[in-house]
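All residue numbers for the sequence shown refer to the UniProt record's numbering, where the first residue is 1 and numbers rise by one. Think of the CB as a built atom: it goes at the ideal place given N, C-alpha and C, for glycine as much as any other residue. In this text the structure is predicted, and so the values were computed from the model without any measurement. What follows is one structure encoded as structure tokens, with my remarks underneath.
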Amino acid sequence: MKLNRQWLHTFATLVEAGQFTETAARLHMTQPGVSQHIRKLEQQVGQALLVRTGKKFELTHAGTVLYQHSQALMTEEKRLQQALSQDNPDAGPCRFAMSGTLANQLYPLFVQRQLEYPGLVVGVESAPDQRVLHLLEMDEIDLGIVTEPPAQARFHRERIGEETLCLVFPATQPQSELSQALLTETGFIDHPNARRYLDSVLLDLPFSIPHDSLPVRGYINQLSQILLPVSLGLGFTVLPESTILESPYVQDLRILHRSINAREPLYLIRKRHRELASRYTWFIDCIRQTLQSS
Numbered sequence: 001m002k003l004n005r006q007w008l009h010t011f012a013t014l015v016e017a018g019q020f021t022e023t024a025a026r027l028h029m030t031q032p033g034v035s036q037h038i039r040k041l042e043q044q045v046g047q048a049l050l051v052r053t054g055k056k057f058e059l060t061h062a063g064t065v066l067y068q069h070s071q072a073l074m075t076e077e078k079r080l081q082q083a084l085s086q087d088n089p090d091a092g093p094c095r096f097a098m099s100g101t102l103a104n105q106l107y108p109l110f111v112q113r114q115l116e117y118p119g120l121v122v123g124v125e126s127a128p129d130q131r132v133l134h135l136l137e138m139d140e141i142d143l144g145i146v147t148e149p150p151a152q153a154r155f156h157r158e159r160i161g162e163e164t165l166c167l168v169f170p171a172t173q174p175q176s177e178l179s180q181a182l183l184t185e186t187g188f189i190d191h192p193n194a195r196r197y198l199d200s201v202l203l204d205l206p207f208s209i210p211h212d213s214l215p216v217r218g219y220i221n222q223l224s225q226i227l228l229p230v231s232l233g234l235g236f237t238v239l240p241e242s243t244i245l246e247s248p249y250v251q252d253l254r255i256l257h258r259s260i261n262a263r264e265p266l267y268l269i270r271k272r273h274r275e276l277a278s279r280y281t282w283f284i285d286c287i288r289q290t291l292q293s294s
């Protein structure tokens, strides 16, 4: 039932004032106007709300229930007004999506911020570029980091850094020049971003390897486990250098260094016409500083 808010306000004022004349004065109405609002409200709810006793009145059960409802509505509206007028930089949800590599790098910093300000609720989803864009489009996150800038005009993008991509082999792999034979003989450990990374790394080479001709020795979508099979000698893969150097398996790995490293740009994205809450300011500064210095 959708109640007439003006009639309900008149009724609540009457209960608080205790008299029709006082209610009329408070609302700048005539006394018959107040009585008319009460009658119309009773017709709307289908029950009597009060019983008159001379100049005074007593609430019926329905009147008591309706007054309590009006008070609850007023309280909720006050809370809403306070929420709309306040923008607390130290409290509220903070929702992000990015690659697993970046999540490993940034999430520990985000959590430290939450420890300092427990009113913050940090959420980070590890996802590929297209998933990040989908989450942003569906308003499930407010900020994302991708490697390819979105073409859609509804997204605002800012280039905030880059990642160095590296071919990584088992430490037991003999030192040798990068060649088609080396890659096919070693075999490939696949992961969600591996094919795209590999294309970037091999872009300037005089040879190319079709994806379907590269022997795949395994696949894993857990970032923390991608380098395990590489460390055991099962194949090579491609990952950002920071991920390789921070891996617990780093002693059993060998990065194939090149004179020109492949670098993948990183873009911070958000909806163009959506104003972010002030609590995001610290996180944006943190992302910029971390990724520009890495």
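Backbone secondary structure at residue i - three-state DSSP
i	result
D129	helix
G63	helix
L167	strand
T147	coil
Y197	helix
I255	strand
L73	helix
P240	strand
E162	strand
Beta-carbon spacing of residue i, residue j below 8 Å
i	j	result
P174	P128	no
E87	A277	Glu is not the amino acid found at residue 87; the sequence shown has Asp there. In this structure, A277 lies closer than 8 Å to D87 by Cβ.
F188	G233	no
I269	L102	no
V201	A153	no
P93	G123	yes
L106	T290	yes
G100	L223	yes
Extent of the continuous beta strand (DSSP E) run through residue i
i	result
R95	92-98
L50	50-53
D190	188-190
K2	Where K2 is concerned, there is no enclosing beta strand (DSSP E), given that its DSSP letter is neither H nor E.
L268	262-271
Spatially closest choice to residue i from the options, by CA coordinates
i	options	result
P265	T64, S242, R159, Q114	R159
P149	N104, Y280, V132	V132
P215	L115, L227, L182	L182
Q130	W7, G144, L3, A72	G144
Y197	L228, T172, T147, L245	T147
C166	L253, S213, Y107	L253
H156	S126, E275, S99	E275
I141	M29, G218, A97	A97
G54	E42, G18, L41, Q43	G18
Beta-carbon proximity list for residue i, same chain, < 8 Å, skipping 5 on both sides
i	result
Y67	F11, A12, V15, L59
V34	T10, L14, F20, T23, A24, L27
A62	V45, Q47, A48, L49
Extent of the continuous alpha helix (DSSP H) to which residue i belongs
i	result
T290	280-293
Nonlocal neighbours in the same chain, by C-beta distance under 7 Å from residue i, ignoring five residues either side
i	result
I226	I189, H191, I220, T237, L239
S231	P170, Y249, D252, L253
Residue i Cβ short of 7 Å to the ligand MN heavy atom set
i	result
E148	This structure simply doesn't include the ligand MN, nor any ligand for that matter.
Contacts around residue i, its chain only, beta-carbon distance under 6 Å, and the 5 residues preceding and following it disregarded
i	result
residue 367	Since the first residue of the chain shown is 1 and the last is 294, residue 367 is not available in this structure.
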